[in-house]
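Worksheet: one structure, shown below.
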Amino acid sequence: MIGSVRGKLTFKQAPVIIIECQGVGYEIETPMSTFLDLPPIGAELSLFTHLLVREDAQILYGFATDSERLLFRTLLKISGVGAKMGLGILSAMSVGDFQRCVEYEDTAMLVRIPGIGKKTSERLIIEMRDRIGKMPVAAGTTAITVEHGPCSEAVDALIALGYKPREVNKLVGSLDVDGKSAEDIIRLALRQVVQ
Numbered sequence: 000m001i002g003s004v005r006g007k008l009t010f011k012q013a014p015v016i017i018i019e020c021q022g023v024g025y026e027i028e029t030p031m032s033t034f035l036d037l038p039p040i041g042a043e044l045s046l047f048t049h050l051l052v053r054e055d056a057q058i059l060y061g062f063a064t065d066s067e068r069l070l071f072r073t074l075l076k077i078s079g080v081g082a083k084m085g086l087g088i089l090s091a092m093s094v095g096d097f098q099r100c101v102e103y104e105d106t107a108m109l110v111r112i113p114g115i116g117k118k119t120s121e122r123l124i125i126e127m128r129d130r131i132g133k134m135p136v137a138a139g140t141t142a143i144t145v146e147h148g149p150c151s152e153a154v155d156a157l158i159a160l161g162y163k164p165r166e167v168n169k170l171v172g173s174l175d176v177d178g179k180s181a182e183d184i185i186r187l188a189l190r191q192v193v194q
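Everything in the sequence shown is counted per numbering that gives the first Met the number 0, starting at 0 for the first residue and increasing by one.
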């Protein structure tokens, strides 16, 4: 297994890059989250990698963080989820955002990703629910964190009040939350409930 690659970036055309290591060029497929943060051609680069061996090909996937690689590997264990869908998920959202979708059963967010329909999003949530909290954290990396802001604070508060995650996502998802405090978002969501 090739766990990481470090060398000179010699080619990049989304989603494929080539990193040259001591005269050998490794062709690597990356999610857009990694691709968009690449240095210019000729710069030194280090990526965490996952080698996928199939009957007809050996494909190397590269990730900027070990958290992305861990999520990718976990997704591959789910029936019906392949490497293409795994890269699609990581291209569309951060690891923390995906964790939040699973935690709050936010199928609407997952359905926005190309190639993921309603049934697939529901299956992802069901199958990832137990796995995402148990994902190991490799040495030298930090645990998966979810970004907190007024919207996520409001969602957490509404769930603490006894509302189901799916109901909360529907309520908050229909609001214009830009520039509003958590308290304002909670008030607006609760007004919708009583109407």
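A virtual CB, placed ideally from N, CA and C, is assigned to each residue, including glycine. Please read all numbers here as calculations on a predicted model, not as lab measurements.
What residue range does the beta strand (DSSP E) around residue i cover?
i	result
R5	3–12
E166	Looking at the DSSP string, E166 is not in any beta strand (DSSP E); the run it does join, the alpha helix (DSSP H), is 164–172.
I58	57–62
V205	Residue 205 falls outside the range modelled here, since the chain spans only 0 to 194, and no answer is possible.
I16	15–20
Could you give the distance in angstroms between the alpha-carbon of residue i and the alpha-carbon of residue j?
i	j	result
I197	M92	With the chain represented from 0 up to 194, any question about residue 197 goes unanswered, as that position is not in the structure.
E146	K169	Because the pLDDT of E146 is 48, which lies under 50, any placement of that residue in the model is unreliable, and the number read from its coordinates should be weighed accordingly. Their Cα atoms are separated by approximately 20 Å.
D155	L189	14 Å
I185	D105	18 Å
G79	L123	10 Å
V192	L50	49 Å
P164	G22	52 Å
Y162	Y103	11 Å
A56	A107	34 Å
Are the CB atoms of residue i and residue j nearer to each other than 8 Å?
i	j	result
V4	T73	no
D45	E67	The question names Asp, yet the displayed sequence has Ser at residue 45. Their beta carbons are not under 8 Å apart, which means S45 does not touch E67 by this criterion.
V171	I158	no
I17	T29	no
I112	I88	yes
P149	K179	yes
L187	L174	yes
E26	K7	no
Smallest Cα separation from residue i: which of the options?
i	options	result
A181	K83, G116, K11, S151	S151
F62	A153, F71, D55	F71
L37	V15, V171, G148, Q21	V15
K11	Q21, L35, G22	L35
I1	S90, A13, V52, G95	V52
G85	Y162, G6, T119	T119
V94	V23, G114, T64	T64
K83	G114, L69, E54	G114
D177	P164, G24, A153	A153
V75	A107, K7, E126, G6	Contrary to the premise, residue 75 reads as Leu rather than Val in this sequence. Residue E126 is the option with its Cα nearest to L75.
Considering just the uninterrupted stretch of the alpha helix (DSSP H) at residue i, what are its terminal residues?
i	result
I88	82–91
E104	E104 -> no alpha helix (DSSP H), and no H or E assigned at all.
E54	Note, E54: premise wrong, no alpha helix (DSSP H); not H, not E.
I158	149–159
D65	65–75
S32	31–34
For this session: Determine, using beta-carbon pairs with one atom in the region 40–47 and one in the region 93–102, whether at least three such pairs fall under 8 Å.
Result: Too few Cβ pairs lie closer than 8 Å, so no.
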